Structures are given as C-alpha cells and as structure tokens.
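Colleague: Before anything else, here's the structure in question.
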Amino acid sequence: MIVFDKLEDIKDIPRTSIALGNFDGVHLGHQELIRQAVGNARKKTSQGSPEKSAVFTFSNHPKSLIPGAKEVKNIIYREDKEALIESLGVDYYFDIEFTEDIMTMDPERYVKELLVDKFNAKDVFCGFNYRYGYKASGDGELMRSLGEKYGFTLNQIPPVMVDGEVVSSTLIRQLIKSGDMDECEKYLGRNYTIGGEVVVGNRLGKSIGFPTSNIMIDEAMVTPPNGVYITKCVYNGVEYPSITNVGVKPTIGTFAKNMETHIFNFDKELYGKHILVEFIKMTRPEAKFASIGELCEQITRDCNEAREYHGI
5 MIVFDKLEDI KDIPRTSIAL GNFDGVHLGH QELIRQAVGN ARKKTSQGSP
55 EKSAVFTFSN HPKSLIPGAK EVKNIIYRED KEALIESLGV DYYFDIEFTE
105 DIMTMDPERY VKELLVDKFN AKDVFCGFNY RYGYKASGDG ELMRSLGEKY
155 GFTLNQIPPV MVDGEVVSST LIRQLIKSGD MDECEKYLGR NYTIGGEVVV
205 GNRLGKSIGF PTSNIMIDEA MVTPPNGVYI TKCVYNGVEY PSITNVGVKP
255 TIGTFAKNME THIFNFDKEL YGKHILVEFI KMTRPEAKFA SIGELCEQIT
305 RDCNEAREYH GI
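Each residue of the sequence shown is one higher than the one before, counting from 5 in my numbering.
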C-alpha cells in the first residue's frame with residue numbers, strides 16, 4: 005500500500021475506486037465500505053478497465069478545527085488504522101491533514117480538486133450519511149450529479165447493522181465509556197486495544213504477589229471506566245492472557261488514572277517496553293477497600309475469575 009500524508013506529494017495517480025470517510029474506528033461498517041471499493045477495483049481491472057483501490061481520510065478529526073467543539077477521542081491509533089486498512093487490500097492510502105483550506109471548500113471545489121484532480125476517482129464509495137464541503141453542505145445527491153459532470157460514479161453504502169443497531173463510531177465510543185467491552189467487540193470487529201510504554205509503578209502488586217505492568221492512560225484515546233477487566237496483553241506480537249485494572253488505586257492513595265496489567269505465567273521484565281492491552285470483558289468496577297488485606301483477597305478472586313475465563 006502506498007501512503008500519502010501531504011496533498012502536494014500526490015501526482016499522477018492511476019484511475020481509482022476510492023472509499024471516503026473518517027474511518028476513525030475502522031469498525032465493521034468501515035471495513036465493508038473499504039471491501040466494496042477494493043472489490044470494485046479488482047473487478048474493473050479484470051474487465052480490462054484497470055483501477056487501483058484507494059482510501060481517503062483525514063489524519064486529524066475534522067471537528068478539531070471547529071472552535072468550541074468537544075474533543076473527539078480516538079478509537080484506534082494512527083499506525084493501527086493504517087495497518088488495518090492495508091490488510092483489506094488497499095493500494096493507495098490518502099491520510100491527509102484536515103486544514104482550514106479544506107474546511108472552507110465548497111462541495112464542488114472539494115470534489116473537483118480532491119477526488120477528481122488529486123485522486124483520479126472513477127468509482128466513489130461512501131456511507132449513507134457522508135457529508136463534505138463547507139459546513140458539511142455536500143450530500144450524496146449533489147455528489148451523484150457532480151459525478152456525472154466530472155466522470156465518476158457514486159456508490160452509497162447502506163448502514164451495516166448488528167443486532168438491530170447501526171454500526172457507528174459514536175455507538176462504539178459510548179460502549180467503551182460504559183465498559184461494555186464485549187458489546188464493543190461485536191461492532192468494532194475486534195477487541196478494543198490501548199497500548200503504551202510500561203512505566204515504573206509503586207511496586208505494590210509485586211510485593212503482594214501480583215506483579216503488574218503499568219501504562220499511563222493516553223488522553224487522546226477513549227478510555228474505559230475505572231474497573232477490573234479480563235484482557236489479553238500483546239508483547240512482541242505474542243498474545244498473553246492477562247487481567248487489567250483501570251483506575252486510580254483508591255485503597256492505597258491518590259494517583260493519576262492508569263492501567264495495571266497482570267500477565268499470567270509471565271516473568272519477563274517489561275519496563276520501557278511497548279505493550280498492547282486488548283479489553284475483553286469488565287468484571288467489576290473499581291472499589292476502595294478497608295485494608296491492603298481485603299484488597300489482596302479481592303485481587304485473588306479477580307485473578308481466579310480471569311484464569312477460569314482464559315482456561316488457565
């Protein structure tokens with residue numbers, strides 16, 4: 005997959021079958037949209053009208069430029085987003101910064117200068133609610149007519165449904181914030197993951213027989229509520245069964261919110277290493293205990309539950 009992150013670097017792109025969207029979660033709906041664009045490119049190529057598959061998205065959320073708009077937390081890291089999109093068979097990935105100039109483009113200029121002149125779009129794929137141009141004034145009906153004018157075809161994809169719900173990034177953020185990690189997986193198509201560098205904690209876990217790897221919370225990411233979770237830990241590409249506490253450790257003092265992951269049957273030193281934590285299921289909310297002894301007893305129960313889940 006060829007990646008572009010600057011408009012000025014994009015030149016002489018072959019005819020494309022292109023998927024448009026924020027793709028801010030690369031959830032099941034996003035994946036279906038991209039697969040259709042990829043499949044169409046392959047079909048056209050096999051029929052003697054070669055096209056390359058492409059994805060056009062923004063490296064920053066468009067709302068980040070709107071004064072007073074609430075910050076939109078990330079569902080996926082930028083590098084993971086790119087890797088997922090590549091895994092779907094995409095040839096070109098246009099990951100462009102959303103700028104003041106793009107924000108103020110009227111819909112026709114947006115289509116002409118970006119989709120037509122830069123991306124050489126011949127088949128355009130977008131969601132049922134895709135908007136574009138100044139103040140999101142462009143819709144599917146207008147793009148369809150602009151396609152007739154500039155020589156491309158629009159394909160609007162109906163919503164992808166799971167259990168009667170439209171798959172959306174908004175829904176997924178809500179599920180993460182409420183701790184419904186098993187529900188989140190149904191719409192995301194994978195476990196929700198947070199990663200980071202392992203830092204030195206207070207070493208209490210090690211002193212009581214439950215050593216943990218501590219990761220500071222990335223404030224740019226959507227974070228689950230404080231509590232205990234059955235998780236998997238990924239280190240050097242290998243998955244390990246684990247249990248994770250998200251919170252502020254109220255029993256032992258006042259601390260910033262972080263993640264502590266206990267990896268079962270694991271004895272490697274991870275300080276300074278990068279790990280990923282996949283959230284599978286919340287087992288209980290964080291609680292303050294009357295003593296360290298009570299905390300230890302609860303941790304034992306938590307670990308036994310997680311061991312049973314993992315089949316350890």
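Built from N, CA and C at the ideal position, the CB exists for glycine as well. Every value quoted in this text rests on a predicted model; they were computed, and no experiment measured them.
From Arg305 to Thr287, what distance separates their C-alpha atoms?
Modeller: As a first step, residue 305 is located in the sequence shown; it is residue number 301 there, counting from the start. As a first step, residue 287 is located in the sequence shown; it is residue number 283 there, counting from the start. Those two C-alpha atoms are separated by around 11 angstroms.
Colleague: Using a Cβ-Cβ cutoff of less than 7 angstroms, which residues in the same chain neighbour Pro111 once the five nearest sequence positions on both sides are dropped?
Modeller: Position 107 of the sequence shown holds residue 111. Result list for Pro111: Tyr136, Gly137, Ser141, Gly142 and Leu146, in chain order.
Colleague: Need the endpoints of the beta strand (DSSP E) that His278 sits in, please.
Modeller: The sequence position of residue 278 within the sequence shown is 274, counting from 1. Start and end: His278 to Pro289.
Colleague: Taking 8 angstroms as the cut-off, decide whether the C-beta atoms of Ile284 and Ile176 are in contact.
Modeller: Counting from one through the sequence shown, the residue named residue 284 turns up at place 280. Counting from one through the sequence shown, the residue named residue 176 turns up at place 172. Their beta carbons are not under 8 angstroms apart, which means Ile284 does not touch Ile176 by this criterion.
Colleague: In the structure shown, what three-state DSSP assignment does Gln35 receive?
Modeller: Along the sequence shown, one-based indexing puts residue 35 at 31. Helix at Gln35.
Colleague: With DSSP as the reference, please indicate the residues paired to Tyr154 in a beta bridge.
Modeller: Against the sequence shown, residue 154 aligns to sequence position 150. Answer by DSSP bridge pairing: none, since Tyr154 is not bridged.
Colleague: Is it true that the CB of Asn124 sits closer than 8 angstroms to the CB of Arg19?
Modeller: Taking the sequence shown and counting its residues from 1, one reaches residue 19 at position 15. Taking the sequence shown and counting its residues from 1, one reaches residue 124 at position 120. In contact: Arg19 and Asn124 (Cβ atoms closer than 8 angstroms).
Colleague: Cβ of Ile219 within 8 angstroms of Cβ of Tyr96?
Modeller: Counting from 1 along the sequence shown, the entry for residue 219 is found at position 215. Counting from 1 along the sequence shown, the entry for residue 96 is found at position 92. No, these two residues do not count as a Cβ contact at 8 angstroms.
Colleague: Mark Gln51 as exposed unless 16 or more other C-beta atoms lie within 10 angstroms of its C-beta, in which case mark it buried.
Modeller: Stepping through the sequence shown from its first residue, residue 51 is reached at position 47. Exposed is the call here.
Colleague: For the structure I just gave you, are there three or more beta carbon pairs, one from the segment 158 to 166 and one from the segment 24 to 39, closer than 8 angstroms?
Modeller: yes
Colleague: Where do the N-terminal and C-terminal ends of the alpha helix (DSSP H) with Ser182 fall, by residue?
Modeller: Numbered from its first residue, the sequence shown carries residue 182 at position 178. Ser173 to Ser182 is the extent of the alpha helix (DSSP H) around Ser182.
Colleague: State yes or no: is the C-beta of Lys190 within less than 8 angstroms of the C-beta of Val226?
Modeller: The residue given as residue 190 occupies position 186 in the sequence shown. The residue given as residue 226 occupies position 222 in the sequence shown. No, the pair does not count as a contact, with Cβ atoms beyond the cut-off.
Colleague: To the nearest angstrom, how far is it from the Cα of Val120 to the Cα of Ser63?
Modeller: The residue given as residue 120 occupies position 116 in the sequence shown. The residue given as residue 63 occupies position 59 in the sequence shown. As the crow flies, the alpha-carbon of Val120 is around 20 angstroms from that of Ser63.
Colleague: Alpha carbons only, please: which of Leu274, Cys300 and Leu24 is nearest the one belonging to Tyr134?
Modeller: As a first step, residue 134 is located in the sequence shown; it is residue number 130 there, counting from the start. Of Leu274, Cys300 and Leu24, the residue nearest in Cα terms is Leu24.
Colleague: Looking at Asp127 and Phe317, is the spacing between their C-beta atoms short of 8 angstroms?
Modeller: An answer regarding residue 317 cannot be provided, because it is not within the stretch 5 to 316 covered by the chain.
Colleague: Grab me the residues of Gly209's own chain with a C-beta within less than 6 angstroms of its C-beta, minus the 5 sequence neighbours each way, in chain order.
Modeller: Your numbering for residue 209 matches position 205 in the sequence shown. Low per-residue confidence applies at Gly209: pLDDT is 49, beneath 50, and the placement is therefore not dependable enough to give any value.
Colleague: Can you tell me which of the three DSSP states Thr103 falls into?
Modeller: The residue labelled residue 103 in the question sits at position 99 within the sequence shown. DSSP places Thr103 in coil when its eight states are reduced to three.
Colleague: Is it the case that the Cβ atoms of Ile279 and Val238 are separated by a distance below 8 angstroms?
Modeller: By one-based count along the sequence shown, residue 279 stands at place 275. By one-based count along the sequence shown, residue 238 stands at place 234. Cβ atoms of Ile279 and Val238: closer than 8 angstroms.
Colleague: Figure out for me which residue from Gly276, Ile180, Val59 and Lys122 has the closest Cα to the Cα of Tyr154.
Modeller: Here residue 154 corresponds to residue number 150 of the sequence shown, with the count starting at 1. Out of Gly276, Ile180, Val59 and Lys122, Lys122 has the C-alpha closest to the C-alpha of Tyr154.
Colleague: Which residues in the same chain as Leu104 place their Cβ atom closer than 8 angstroms to its Cβ, once the five residues preceding and following it in sequence are excluded?
Modeller: Here residue 104 refers to the residue found at position 100 when the sequence shown is read from its first residue. Per the sequence presented here, residue 104 reads as Glu, with Leu not at that position. Within the same chain, Glu104 has close Cβ partners Leu69.
Colleague: May I have the straight-line CA-CA distance separating Ala41 from Asn308, to the nearest angstrom?
Modeller: Reading the sequence shown from its first residue, position 37 is the one you call residue 41. Reading the sequence shown from its first residue, position 304 is the one you call residue 308. Spanning the two alpha carbons is a distance of roughly 46 angstroms.
Colleague: Is Leu92 helix, strand or coil when you go by DSSP?
Modeller: If you number the sequence shown from 1, residue 92 lands on position 88. If DSSP states are grouped into helix, strand and coil, Leu92 belongs with coil.
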